[in-house]
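First residue of the first sequence? That's 0 in numbering that gives the first Met the number 0, and the numbers climb one at a time after it.
Where a beta carbon is used, it is the ideal one built from N, C-alpha and C, also for glycine.
Everything numeric in this text was worked out from a predicted model, so none of it was measured.
Beneath this line is the structure, given in structure tokens, with notes to follow.
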Amino acid sequence: MTFASAVYRLVRRVPAGSVVTYGQVAACLGAPRRARAVGHAMSRCPVGVPWHRVVNARGGISARARMEGMLTQRMRLLEEGVRFRRGLVDLRTYRWEPARARRQGGRACVSP
DNA sequence: GACTTGACTAGAC
DNA sequence: AGTCTAGCCAAGT
């Protein structure tokens with residue numbers, strides 16, 4: 000199991016209308032200092048992974064090679080009902096918290 | 001197996 | 001409030 004596939008598994012659990020941050024994903028996998036590696040994994044994520052639900056620590060869309068990627072991310076989030084304020088998602092409102100999700104059913108974070 | 005490249009982040013200034 | 005810096009580390013070359 001590569002780090003990337005663990006990232007994909009977790010991101011697939013994020014429900015529509017919610018977002019998570021890179022650092023949050025890393026921490027959830029028991030590796031709080033690998034936010035950057037999460038970004039690296041997302042940069043080449045396979046089909047079926049809702050990559051657009053991953054945003055940076057400020058609730059913004061991180062820069063990438065092609066501008067169109069940023070635009071489609073924003074568009075998809077809007078379609079899912081995520082509102083932007085000054086170009087940023089309000090994390091207090093839309094952040095998905097795996098701990099809470101676990102209480103309602105499946106396990107979200109891997110145990111260290 | 002060394003070296004480079006990032007969709008990162010927290011903190012300093 | 002905007003930039004810079006130093007850690008960080010998986011993958012690709």
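Residue environment, residue i, which counts as buried when at least 16 other CB atoms sit within 10 Å
i	result
M66	exposed
V46	exposed
M0	exposed
Q103	exposed
L76	buried
P31	exposed
L28	buried
R52	buried
Top-ranked residue by Cα proximity to residue i, from the options
i	options	result
S42	G16, V13, R75, Y21	Y21
R11	D89, V48, E79	V48
C44	R73, M74, L9, E96	L9
A56	Y93, C108, G16, P14	Y93
P97	Q23, F2, A15, G16	Q23
A36	R84, F2, M74	F2
8 Å contact criterion, which residue i and residue j should meet: CB distance rounded
i	j	result
V54	V18	5 Å
G58	L90	5 Å
Distance, residue j Cα to residue i Cα
i	j	result
R33	S4	14 Å
V88	Q72	12 Å
V13	G86	21 Å
A40	A26	15 Å
A15	W95	10 Å
R63	W50	13 Å
M74	S61	14 Å
Whole alpha helix (DSSP H) elements within the stretch 34-69, 4-residue minimum: 34-42
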